[in-house]
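First the structure, in the form of structure tokens, and then the observations on it.
Protein chains: 2
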Amino acid sequence: MADQGTAIRARRLQATEGDLPDSVASDGTRGRILEAALHLFAETSYAGASIREIATAAGVQSASLYAHFPSKERILAEIAVIGHEEHHRRLRHALLESRPDPAEQLTALVRAHVRMHCELSMLAVVSNNELHSLSSAVAEPVMATRDSSTQLFNEVIQRGVDLGVFAPAHVWMAVAAIGGMGIRVANWYTPGFELTIDEVADTYADFALGIVRSEVH
Amino acid sequence: MADQGTAIRARRLQATEGDLPDSVASDGTRGRILEAALHLFAETSYAGASIREIATAAGVQSASLYAHFPSKERILAEIAVIGHEEHHRRLRHALLESRPDPAEQLTALVRAHVRMHCELSMLAVVSNNELHSLSSAVAEPVMATRDSSTQLFNEVIQRGVDLGVFAPAHVWMAVAAIGGMGIRVANWYTPGFELTIDEVADTYADFALGIVRSEVH
DNA sequence: GTCTATACTATGATAGAC
DNA sequence: GTCTATCATAGTATAGAC
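Read top to bottom, the protein sequences are chains A and B.
According to this note's numbering, the first sequence is numbered sequentially starting from 1.
According to this note's numbering, the second sequence is numbered sequentially starting from 1.
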């Protein structure tokens, strides 16, 4: 019988630690507003979190929010930008440090992808799952960043196919599958998990190689 | 250079057709309320959709909703129950029809899982992504159904390991990865996609086999 | 079961003093 | 930049006639 002991029953987010990247988290009231909004958007969704709740959690009055952001929507927009740019930065950095072997490059990408979704799971959940609450004009730059990240996966896998080392049934769907399984990690990972983040990342990199080699054997 | 032509840029949901399972969709005002709520919850989230909007979309006055549901929360609860039970029913049916070979069983499960997320993508998106808006008491039976479905994957993969035909780096994470990549299909699949639902399902079944065999070769 | 009317509260955002 | 006070609107839900 399968082990139930590791079962994690996350409805949306398991981790409660880790909010914004260190580079952003710091600066004063504005930073506290972003952190407060991030937590509340994760817990109760964008529409479910009120301006007053965000202000209270940030330790200011609701009117003071408008000295830092012109609207509630712009708070979410900033969070989504931070999340997607941090993600993209990590992917590019991983590729830069990797040798040109497609398998090593894919491993590096997946590891960075999964690490992001473990280390900044709250940011990842909000960035990924609340985008539909932004008007399309405001969401556009975020989507562009996401397209760039998808393209990194696409290029690595396509190159592996061209070199004859990968043979997924469908390149675009392999990207969707690898990206999707990693995104979902943010929903269940918690620092209390039985494996370290590095071990989780390695395991998923292994899974990704299994996906792109699915027709090779 | 990788093909951009197949790029799909879903923020939350690509498909607009397909709402509730045929078995539920039919009956009168109550059915229309559920359908209307499903659409609105998918578009603007649970908290973002108002009772008045749901009523208007269902063709009744807002007060009339309360003749069918005691609260807005119970509308979402019913949708989530329908979604998760339909999902579980399909998985069990797939297993019942499969021969006892673990690879065939896993293929059957993944195909059913993916088909569900293509054919009822709106229901799947709401059932999966709005659960955190339910109080934990109301969400509990839904979570129990989800646990049962996870357990089906778990048992098939664990049995494959015991029989020596599967060797994923980690059984629980293989289940999470296979489940997660399938769940994400609901976010991008649309009837206009270049492949049929069966082809998508087959491809993902292939990916899943790649995941559980990741250490074998 | 559906309607009109409404109670009561919460919402996003602004005005203006300090 | 932060506060108190407030506007105008929208929110869930209920009362009671038909």
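Where is the CB? At the ideal position from N, CA and C, for every residue including glycine.
All figures in this text were calculated on a predicted structure; none of them were measured in a lab.
The beta strand (DSSP E) runs lying completely inside the region 108 to 184 of chain A and spanning 3 residues or more number zero.
Around B:L91, the same chain offers L109, A112, H113, S149 and L152 as residues with beta carbons nearer than 7 Å, after the five sequence neighbours per side are excluded. Secondary structure note for B:A205: its alpha helix (DSSP H) is the uninterrupted segment I197 to V212.
In this structure, A:H93 keeps its C-beta atom at 7 Å or more from the C-beta atom of A:T145. Interface annotation for the region 192 to 208 of chain A against chain B: L195, V200, D202, T203, Y204, D206 and F207, criterion Cβ-Cβ distance under 8 Å. Closest by C-alpha distance to A:Q105, out of A:F193, A:L65 and A:G160, is A:G160. DSSP, read as helix, strand or coil, puts A:S98 in coil. Only G48 from the region 48 to 72 of chain B bring a Cβ to less than 7 Å from some Cβ of chain A.
Just so you know, the alpha carbons of A:V200 and B:I211 end up roughly 14 Å apart. Per DSSP, the unbroken alpha helix (DSSP H) holding A:F41 starts and ends at G28 to T44.
A Cβ-Cβ contact shorter than 7 Å links B:A208 with B:I178.
Between the region 41 to 57 of chain A and the region 37 to 52 of chain B, the count of C-beta pairs closer than 8 Å reaches three or more; the two stretches touch. Two segments are said to touch when three or more pairs of C-beta atoms, one from each, lie closer than 8 Å; by this definition the region 118 to 128 of chain B does not touch the region 49 to 68 of chain B. Under the DSSP assignment, B:R9 falls outside any alpha helix (DSSP H); it carries neither an H nor an E label. In this structure, the beta-carbon distance from B:G180 to A:M181 falls below 7 Å. In the three-state reduction of the DSSP assignment, B:E194 falls in the coil class, being assigned neither a helical nor a strand state. Among the residues facing chain A, B:L131 is included, as its CB has a counterpart in that chain under 7 Å away. Contact between A:A15 and A:L40 does not hold, since their C-beta atoms are separated by about 16 Å, which reaches or exceeds 8 Å. Taking a Cβ-Cβ cut-off of 8 Å, the neighbours of B:H170 in chain A comprise L195 and T203, given in sequence order. Counting C-beta atoms within 10 angstroms of its own C-beta, A:S127 has 16 or more neighbours from the protein chains shown and is therefore classed as buried.
Taking C-beta atoms as the reference points, B:A37 and B:I51 fail to come closer than 7 Å.
With respect to chain A, the C-beta atom of B:S135 has no partner C-beta closer than 7 Å.
When Cβ-Cβ separations below 7 Å define contact, B:R184 makes contact with chain A.
Below the 8 Å Cβ cutoff, chain A contributes A47, H132 and S133 as neighbours of B:T44, in chain order.
Around the beta carbon of B:T196, fewer than 16 other beta carbons sit within 10 angstroms, so the residue counts as exposed. Taking a C-beta cut-off of 9 Å against chain A, the contacting residues of the region 6 to 35 of chain B are T6, A7, I8, R9, R11, R12 and L13, listed in chain order. Collapsing the DSSP output to three states places B:Q14 in coil. Note that the C-beta distance between B:L76 and A:R11 is not below 7 Å. Within 7 Å of the CB of B:R213, the CB atoms of chain A belong to G210, in sequence order along the chain. By the neighbour-count definition (other C-beta atoms within 10 Å, threshold 16), A:S98 is a buried residue. Close CB contacts of B:D202 within its chain, under the 8 Å cut and outside five residues either way in sequence, are with R111 (chain order). Within chain B, the residues whose beta carbon sits less than 9 Å from that of A:A139 are R11, listed in sequence order.
Nearest C-alpha to A:Y204 among A:T190, A:T107, A:L163 and A:F193: A:T107. For B:L20, the secondary structure class from DSSP, reduced to helix, strand or coil, is coil. Excluding residues up to 5 positions away in sequence, P141, V142 and T145 lie with their Cβ nearer than 8 Å to the Cβ of B:V81 in the same chain. Of all alpha-carbon atoms in A:H170, A:A186 and A:G192, the one lying nearest the alpha-carbon of B:A7 is that of A:H170.
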